[in-house]
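Novice: Which chain is which? The protein sequence lines are A and B, in order.
The UniProt record's numbering numbers the first residue of the first sequence as 1 and each following residue consecutively.
The UniProt record's numbering numbers the first residue of the second sequence as 1 and each following residue consecutively.
Protein chains: 2
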Amino acid sequence: MASSSSSTRKPYKGKLGQDFTTNVINSMGPGTSPRMREVMSVFIQHIHDFARETNLTVDEWMSAVQMINWAGQMSNDKRNEGQLMCDIIGLESLVDDITYQSAVESGNAATASAILGPFWRETPVRANGTSISSNTPADASPVFMHGKVTDATTGKPIANATVDLWQASTNGLYEQQDDNQAEHNLRGKFVTDSNGEYSLYCLRPTPYPIPNDGPSGKLLSLLDRHEWRPAHIHLIVLAEGYKGLTTQIFDQDSKYLNDDSVFAVKDDLTVAFTERKGDDQAKLEVEYNVKLAPVV
Amino acid sequence: MASSSSSTRKPYKGKLGQDFTTNVINSMGPGTSPRMREVMSVFIQHIHDFARETNLTVDEWMSAVQMINWAGQMSNDKRNEGQLMCDIIGLESLVDDITYQSAVESGNAATASAILGPFWRETPVRANGTSISSNTPADASPVFMHGKVTDATTGKPIANATVDLWQASTNGLYEQQDDNQAEHNLRGKFVTDSNGEYSLYCLRPTPYPIPNDGPSGKLLSLLDRHEWRPAHIHLIVLAEGYKGLTTQIFDQDSKYLNDDSVFAVKDDLTVAFTERKGDDQAKLEVEYNVKLAPVV
Chain A
1 MASSSSSTRK PYKGKLGQDF TTNVINSMGP GTSPRMREVM SVFIQHIHDF
51 ARETNLTVDE WMSAVQMINW AGQMSNDKRN EGQLMCDIIG LESLVDDITY
101 QSAVESGNAA TASAILGPFW RETPVRANGT SISSNTPADA SPVFMHGKVT
151 DATTGKPIAN ATVDLWQAST NGLYEQQDDN QAEHNLRGKF VTDSNGEYSL
201 YCLRPTPYPI PNDGPSGKLL SLLDRHEWRP AHIHLIVLAE GYKGLTTQIF
251 DQDSKYLNDD SVFAVKDDLT VAFTERKGDD QAKLEVEYNV KLAPVV
Chain B
1 MASSSSSTRK PYKGKLGQDF TTNVINSMGP GTSPRMREVM SVFIQHIHDF
51 ARETNLTVDE WMSAVQMINW AGQMSNDKRN EGQLMCDIIG LESLVDDITY
101 QSAVESGNAA TASAILGPFW RETPVRANGT SISSNTPADA SPVFMHGKVT
151 DATTGKPIAN ATVDLWQAST NGLYEQQDDN QAEHNLRGKF VTDSNGEYSL
201 YCLRPTPYPI PNDGPSGKLL SLLDRHEWRP AHIHLIVLAE GYKGLTTQIF
251 DQDSKYLNDD SVFAVKDDLT VAFTERKGDD QAKLEVEYNV KLAPVV
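#1: Taking the beta carbon of S75 of chain B as the centre, do at least 16 other beta carbons fall within 10 Å, making it buried, or is it exposed?
#2: Between which two residues does the beta strand (DSSP E) harbouring D164 of chain B extend?
#3: How should S3 of chain A be labelled, buried or exposed, when 16 other C-beta atoms within 10 angstroms of its C-beta is the threshold for buried?
#4: Taking only the alpha-carbon atoms, compute the straight-line gap between D87 of chain A and D77 of chain A and give it to the nearest angstrom.
#5: Confirm, please, whether the CB-CB distance from Q83 of chain A to E92 of chain A is below 8 Å.
#6: Could you list the residues in the region 7 to 34 of chain B with a C-beta less than 8 Å from some C-beta on chain A, going in chain order?
#7: In chain B, which residues lie with their C-beta within 7 Å of the C-beta of A51 of chain A?
#8: If distances are taken between C-alpha atoms only, which option among B:T170, B:T32, B:K10 comes closest to A138 of chain B?
#9: I210 of chain B CB to nearest chain A CB: under 8 Å?
#10: From W228 of chain A to M85 of chain A, what distance separates their C-alpha atoms?
#11: If contact means a Cβ-Cβ distance below 7 Å, which residues of the region 59 to 79 of chain A contact chain B?
#12: Starting from Q83 of chain B, find everything on chain A with Cβ-Cβ shorter than 7 Å and list it in chain order.
#13: List the DSSP bridge partners of H232 of chain A.
#14: Near R37 of chain A, what residues of its chain come up, given a Cβ to Cβ distance below 7 Å and the 5 sequence neighbours on each side ignored?
#15: H226 of chain A by DSSP, collapsed to three states: which one?
#16: Please decide whether R225 of chain A counts as near chain B, where near means a Cβ-Cβ distance under 8 Å.
#17: Taking only beta-carbon atoms, is D213 of chain B less than 8 Å away from chain A?
#18: D259 of chain A versus chain B: which residues are under 7 Å apart at the beta carbon?
#19: Distance, Cα to Cα, V125 of chain B vs A231 of chain A?
#20: Could you pull out every residue in the same chain whose Cβ sits closer than 7 Å to the Cβ of S7 of chain B, ignoring the five residues on either side in sequence?
#21: Skipping 5 residues on each side, what residues in its chain have a beta carbon closer than 6 Å to that of V163 of chain B?
#22: Could you check whether the Cβ of H232 of chain A sits closer than 8 Å to any Cβ belonging to chain B?
#23: Between F273 of chain A and chain B, is there a C-beta pair that is closer than 8 Å?
#24: Of the residues A:A71, A:V95, A:T54, which one's Cα is nearest the Cα of D34 of chain B?
#25: DSSP state of P215 of chain A, grouped into three classes?
#26: List the residues of chain A whose Cβ lies closer than 7 Å to the Cβ of Q101 of chain B, in chain order.
#27: Taking only beta carbons into account, state which residues of the region 233 to 246 of chain B come closer than 7 Å to chain A, listed in chain order.
#28: Which value, in whole angstroms, describes the spacing of the CA atoms of V24 of chain A and Y288 of chain A?
#29: Helix, strand or coil for T21 of chain A per DSSP?
#30: Can you tell me whether DSSP reads S221 of chain B as helix, strand or coil?
#31: Mind the definition here: the region 237 to 255 of chain B touches the region 175 to 184 of chain B only if three or more C-beta pairs lie below 8 Å; say whether that holds.
#32: If we ignore side chains and look at the alpha-carbon of each, how far apart do L116 of chain A and N69 of chain A end up?
#33: Could you pull the start and end residues of the alpha helix (DSSP H) that Y100 of chain A belongs to?
#34: What do you get for T274 of chain A, buried or exposed, if any count of 16 or more other CB atoms within 10 angstroms of its CB means buried?
#35: Determine, using beta carbons only, whether F250 of chain A comes closer than 8 Å to chain B.
#36: Contact check, S254 of chain B vs I210 of chain B under 8 Å by CB: the rounded distance?
Spelled out as structure tokens, the structure:
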């Protein structure tokens, strides 16, 4: 986008005002679904208002189109740059909380959710008590992670829930971004036992920068913002008869908790990594329990 | 997007209200340009308000991300699907008019502009009086097109202005979309003579549908809208010392003048195709004169 200081420019007072916007909205036919009509009406109104309020020029708009096309061109089954573009303006966090809030209002206070992020992929089930780290780096701190999945309403344990986790390695890369990591390194699915419990070994997560080789990195640079995310582990927890949960847990001692580049931190998602004794595999442990809301 | 009727859903009243949005906006660093800060502040505010007002869900947002990525993946040097997505919600027309209005307010009333559209490409100069149609279809009506380029302030003719034109064939396809058309068929650049005049043979334009094989077509279908554009010829007119003009002229007798799928029609851009006598090459003619605003 242009870098000239133009905040003194007069706002647009041309012919394409509210009547034009109303005309575009009203062009939707009778076969549009009510929800599509609602969403797109509000979207078109806001996008047009944005253009008019900022006096957006053709060149500025075309720069944005090129960034959006670039995002699509960089996206594949291993990365989602369109999603990342939304993440850095806080949009994924916002729609995540909107969706979570709807679940809460429908009567079930479940564990707080957080964004999926662009690095999830399908991964095989592993046995409880095993490690997701296949080639642990020298600078990593192994952690024993464990917890219980319970019914948010009754408090009873949920057996056969799947806990799907993924985390970046200490070099800041997820396995699909890094040729030096084994397939499915630092990710795995665990199934809760009859007590609703799961357990595994992982690494203490470390802060990392989101990829800066695409339009998201370019936009962060234009916004004079850093690329760092606080240390976290991603989780998706699913169980039959319950609403699925997508979340992240954050190391309460991490840097960037207050300025996450994708605005995903919530207070109730921070956890403590504590000392663990008598275990050759890990000197740290973390407990993370999950409450799932029943489908009503 | 989901098709459930949910306009009765309560608006979002969760934790990520205005404070969250202000925090995202304020994350911009001191190195951001004033214009980037202005544009992105207003953009982030509108996008967040849109999500909150519609109670946008993660699934709906993810559908939109996938459409945006799809748009980028379909875009190349021959088509721009990201641009087309903007066109069908009226955004290109709007930013075009905003930019034109800025030119008018800076003191020069020039010929009304219109959107570039996604099918322009660089093309060679042709001699005045020649045809841009290299293999005229049987159902086409050849037209003699001519006009004068003048200074919007003084009214004097402008010599050596370039008039760059392009139009779809009667099958609704531009040459780069159609393997059966010769390279640069139905497009060409003409240079005005010492009287500011240009002339050429082209085809009477015909309505055509915008491409429906990508996300724009999908969105139009979801919005229950048709894909048709009224009959038009695209032009870019450039001259040294003058502001360039991008426009379209519309056949005043065409269908779809009132419901152009990309909202590009303006009253002062319609032209009459009239009878032409004594010319073996064309039974119709059209005159189109252009006023260019001097660079001040």
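The C-beta atom is built at its ideal place from N, Cα and C for all residues, glycine as well.
Please read these numbers as outputs of a predicted model, since none were measured by experiment.
Specialist: So, from the data block:
#1: Against the second sequence, residue 75 of chain B aligns to sequence position 75. Classification of S75 of chain B: buried, given that the 10 Å Cβ count is 16 or more.
#2: The residue given as residue 164 of chain B occupies position 164 in the second sequence. Where D164 of chain B is concerned, the enclosing beta strand (DSSP E) stretches over 162 to 166.
#3: In the first sequence, the residue the question calls residue 3 of chain A occupies position 3. With a pLDDT of only 39 at S3 of chain A, under 50, the local geometry of the prediction cannot be trusted, and the value read off the model is given with reservation. When all chains shown are included, S3 of chain A counts as exposed.
#4: Residue numbering aside, residue 87 of chain A sits at position 87 when the first sequence is read from its first letter. Residue numbering aside, residue 77 of chain A sits at position 77 when the first sequence is read from its first letter. Each residue's alpha carbon lies about 18 Å from the other.
#5: By 1-based counting over the first sequence, the position of residue 92 of chain A is 92. By 1-based counting over the first sequence, the position of residue 83 of chain A is 83. Contact flag set, yes.
#6: Flagged, chain order: S7, R9, K10, Y12, K13, G14, K15, L16, F20, T21, N23, V24, S27, M28, G29, P30, G31, T32, S33, P34.
#7: Sequence index remark: in the first sequence, residue 51 of chain A carries index 51 (1-based). Neighbours of A51 of chain A on chain B, chain order: L91, L94, V95, I98.
#8: Counting from one through the second sequence, the residue named residue 138 of chain B turns up at place 138. Taking the Cα of A138 of chain B as reference, the smallest distance to any Cα among B:T170, B:T32, B:K10 is reached at B:T170.
#9: For the purposes of this step, residue 210 of chain B is identified with residue 210 of the second sequence, where counting begins at 1. Not one chain A Cβ lies under 8 Å of I210 of chain B.
#10: Numbered from 1 along the first sequence, position 228 holds the residue referred to as residue 228 of chain A. Numbered from 1 along the first sequence, position 85 holds the residue referred to as residue 85 of chain A. Those two C-alpha atoms are separated by around 14 Å.
#11: Of all residues in the region 59 to 79 of chain A, the ones placed with a Cβ closer than 7 Å to any Cβ belonging to chain B are E60, W61, V65, I68, N69, W70, A71, G72, Q73, S75, in chain order.
#12: Taking the second sequence and counting its residues from 1, the one referred to as residue 83 of chain B is at position 83. Under the 7 Å cutoff, chain A gives V65.
#13: Against the first sequence, residue 232 of chain A aligns to sequence position 232. For H232 of chain A, which the question treats as bridged, DSSP gives the partners A:F250.
#14: Reading the first sequence from its first residue, position 37 is the one you call residue 37 of chain A. Answer for R37 of chain A: M28, listed in chain order.
#15: For the purposes of this step, residue 226 of chain A is taken as the residue at position 226 of the first sequence. Of the three classes helix, strand and coil, the one that applies to H226 of chain A here is coil, per DSSP.
#16: Within the first sequence, residue 225 of chain A is the residue found at index 225, counting from 1. So, interface residue.
#17: Counting from one through the second sequence, the residue named residue 213 of chain B turns up at place 213. Output row for D213 of chain B: interface = no.
#18: Working through the first sequence from its first residue, we reach residue 259 of chain A at position 259. Within 7 Å Cβ-Cβ: S27.
#19: Position 125 of the second sequence, counted from the start, is the residue given in the question as residue 125 of chain B. Position 231 of the first sequence, counted from the start, is the residue given in the question as residue 231 of chain A. Whole-angstrom Cα-Cα distance: 59 Å.
#20: Working through the second sequence from its first residue, we reach residue 7 of chain B at position 7. Reliability fails at S7 of chain B, whose pLDDT of 49 lies under 50, so the model's placement of it is uncertain and no value is given.
#21: On the second sequence, position 163 is the one that residue 163 of chain B refers to. Excluding residues within five positions, the ones whose Cβ falls inside 6 Å are F190, Y198, V237.
#22: For the purposes of this step, residue 232 of chain A is taken as the residue at position 232 of the first sequence. No, no contact with chain B.
#23: By 1-based counting over the first sequence, the position of residue 273 of chain A is 273. At a cut-off of 8 Å between C-beta atoms, F273 of chain A does not count as an interface residue with respect to chain B.
#24: Position 34 of the second sequence, counting from 1, holds the residue named residue 34 of chain B. Looking at the sequence provided, one finds Pro at residue 34 of chain B rather than Asp. Among A:A71, A:V95, A:T54, the Cα nearest to that of P34 of chain B belongs to A:T54.
#25: To locate residue 215 of chain A, count along the first sequence from 1; it is residue 215. In this structure, P215 of chain A counts as helix in the three-state DSSP scheme.
#26: Mapped onto the second sequence, residue 101 of chain B falls at position 101. Result: Y12, G14.
#27: Residues passing the 7 Å Cβ filter: none.
#28: Reading the first sequence from its first residue, position 24 is the one you call residue 24 of chain A. Reading the first sequence from its first residue, position 288 is the one you call residue 288 of chain A. Rounded to the nearest angstrom, the two C-alpha atoms are 49 Å apart.
#29: Indexing the first sequence from 1 puts residue 21 of chain A at position 21. It is helical.
#30: Here residue 221 of chain B refers to the residue found at position 221 when the second sequence is read from its first residue. Here S221 of chain B sits in helix by DSSP.
#31: No: fewer than three Cβ pairs fall under 8 Å.
#32: Here residue 116 of chain A refers to the residue found at position 116 of the first sequence. Here residue 69 of chain A refers to the residue found at position 69 of the first sequence. If you take the alpha carbons of L116 of chain A and N69 of chain A, they lie about 22 Å apart.
#33: By 1-based counting over the first sequence, the position of residue 100 of chain A is 100. For Y100 of chain A, the enclosing alpha helix (DSSP H) starts and ends at 91 to 105.
#34: Within the first sequence, residue 274 of chain A is the residue found at index 274, counting from 1. So T274 of chain A ends up on the exposed side.
#35: Sequence index remark: in the first sequence, residue 250 of chain A carries index 250 (1-based). No - not a single Cβ of chain B is within 8 Å of the one on F250 of chain A.
#36: For this step, residue 254 of chain B is matched to residue 254 along the second sequence. For this step, residue 210 of chain B is matched to residue 210 along the second sequence. The C-beta distance from S254 of chain B to I210 of chain B rounds to 15 Å, too long to fall under 8 Å, and the pair is not in contact.
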